[in-house]
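All remarks here apply to the structure that follows.
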Amino acid sequence: MTEELALNAVVVLTGIPANLLVVDAQSYEDCFVFVSNLSKKIYHVELALKVNGYTAEEMKDMNIVGEYDGLCVYEMIPWWNELV
Numbered sequence: 070m071t072e073e074l075a076l077n078a079v080v081v082l083t084g085i086p087a088n089l090l091v092v093d094a095q096s097y098e099d100c101f102v103f104v105s106n107l108s109k110k111i112y113h114v115e116l117a118l119k120v121n122g123y124t125a126e127e128m129k130d131m132n133i134v135g136e137y138d139g140l141c142v143y144e145m146i147p148w149w150n151e152l153v
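Below, the structure written as structure tokens:
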């Protein structure tokens, strides 16, 4: 997976223009992280095959946006939301 493919998946699934998305320093080899300058939402992109293998426990803080071209785009739900 390349940064370009990951960015394209976020654009297609969210409708946010590419120029409003910034790749985040949290990105690593198997996961790209993009921040929307518009909404400040954080989108993670990983291979759909990998995400589909996660357990329910691992996915409890994930809000799946969708899959595109073998990639899964999701938002992480901040754990501190449960504290309020």
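To get this note's numbering, take the position in the sequence shown, counting from 1, and add 69.
Each residue gets a CB set at the ideal place from its N, CA and C atoms; glycine is no exception.
Quick caveat, the model's predicted, so the values are computed rather than measured.
- Annotation for L74: the continuous alpha helix (DSSP H) segment containing it runs 72-83.
- Burial state of A125 is exposed, judged by a 10 Å Cβ sphere holding fewer than 16 other Cβ atoms.
- A Cβ-Cβ contact shorter than 8 Å links L82 with V142.
- As the crow flies, the alpha-carbon of L89 is around 19 Å from that of T71.
- Using a 10 angstroms sphere on the CB of L118, the tally of other CB atoms stays under 16, which defines it as exposed.
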